[in-house]
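Everything below concerns the one structure shown next.
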Ligand SMILES: Nc1nc2c(ncn2[C@@H]2O[C@H](COP(=O)(O)OP(=O)(O)OP(=O)(O)O)[C@@H](O)[C@H]2O)c(=O)[nH]1
Ligand SMILES: [Mg+2]
């Protein structure tokens, strides 16, 4: 897939703020600072599209980016950031779950994990949650430029065992620095957005 246009659409905290229309959406979730916004920028090859920061907690709203007038990338706030008050953290959790659970145009979710770390209890919880709701999911190991191939071989086994990764799910190494993994992720997105048979049923409460 070739990306020819990318534009910021809107930010939202709740469903009332989500963009109208029914373009398919793909979302990016993961801990604060794992590299969600950097990954989006690398996918579209535009450094400043999504705001990034070396301080965790940069993305505090749900940000929507329209790609090629064809689909929408959704940058979610990171979880697991200790240095915010409990009530703010609870609000972020609700914001993320509210989006993932009820958003009809959502076609698939990338769960980002730092390739160097063992998944945290919140990573495992999020992964279990995605499985439970049967959301098409791909796990991405970010910042792969920071470790050697040997280290990755070992770390890959740690991540698979610890989640534990379901057989139907891929684990793709990615680097926003070098672009490794970019083509694979774009291939996944292409499949998701062209899949007309909806793989999920949105629960209505
Ligand atoms: N070396 C390297 N650094 C990366 C990579 N991806 C992200 N980073 C760095 O990691 C830090 C966090 O990146 P962000 O993209 O802002 O992370 P985020 O997940 O969007 O963070 P929040 O918005 O706080 O949830 C920044 O300093 C990035 O430069 C990567 O692939 N390689
Ligand atoms: Mg961010």
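In UniProt numbering, the protein residues as written are 1 to 205. Think of the CB as a built atom: it goes at the ideal place given N, C-alpha and C, for glycine as much as any other residue.
Indicate the three-state DSSP secondary structure (helix, strand or coil) for residue i in the structure shown.
i: residue 13; result: coil
i: residue 66; result: strand
i: residue 95; result: helix
i: residue 188; result: helix
i: residue 73; result: strand
i: residue 166; result: coil
i: residue 26; result: strand
i: residue 130; result: helix
Report all residues from its chain with a CB closer than 8 Å to the CB of residue i; omit the five preceding and five following residues, and keep chain order.
i: residue 45; result: 3
i: residue 163; result: 119, 123, 124, 127 and 139
i: residue 193; result: 24, 26, 70, 71 and 107
Please tell me whether, using a cut-off of 8 Å, the distance from the CB of residue i to the nearest non-hydrogen atom of ligand 2 is below it.
i: residue 187; result: no
i: residue 51; result: yes
Could you check the C-alpha separation between residue i and residue j for me, to the nearest Å?
i: residue 119; j: residue 23; result: 32 Å
i: residue 204; j: residue 102; result: With a pLDDT of only 46 at residue 204, under the threshold of 50, the placement of this residue in the model should not be trusted, and no figure is reported.
i: residue 133; j: residue 177; result: 32 Å
i: residue 107; j: residue 21; result: 15 Å
i: residue 179; j: residue 96; result: 27 Å
i: residue 72; j: residue 47; result: 17 Å
i: residue 38; j: residue 50; result: 7 Å
Among the options, which residue has its Cα nearest to the Cα of residue i?
i: residue 138; options: 94, 125 and 184; result: 184
i: residue 186; options: 110, 17, 94 and 84; result: 110
i: residue 143; options: 160, 112, 161 and 74; result: 112
i: residue 31; options: 141, 167 and 149; result: 141
i: residue 13; options: 188, 182, 75 and 181; result: 75
i: residue 165; options: 83, 77 and 131; result: 131
i: residue 150; options: 115, 121, 169 and 168; result: 115
i: residue 6; options: 54, 63 and 16; result: 63
Going by beta carbon distance, what residues of the same chain come within less than 6 Å of residue i, once the five residues before and after it are set aside?
i: residue 158; result: 118
Just to confirm, does residue i get its C-beta within under 8 Å of one of the non-hydrogen atoms of ligand 1?
i: residue 174; result: yes
i: residue 81; result: yes
i: residue 69; result: no
i: residue 34; result: yes
Ligand 4 and residue i: does the residue's C-beta get closer than 8 Å to at least one heavy atom of that ligand?
i: residue 78; result: Looking at this structure, you won't find ligand 4 anywhere; what it does contain is ligand 1 and ligand 2.
Within the same chain, show all residues whose beta-carbon is closer than 7 Å to that of residue i, passing over the 5 residues directly before and after it, in chain order.
i: residue 92; result: 77 and 79
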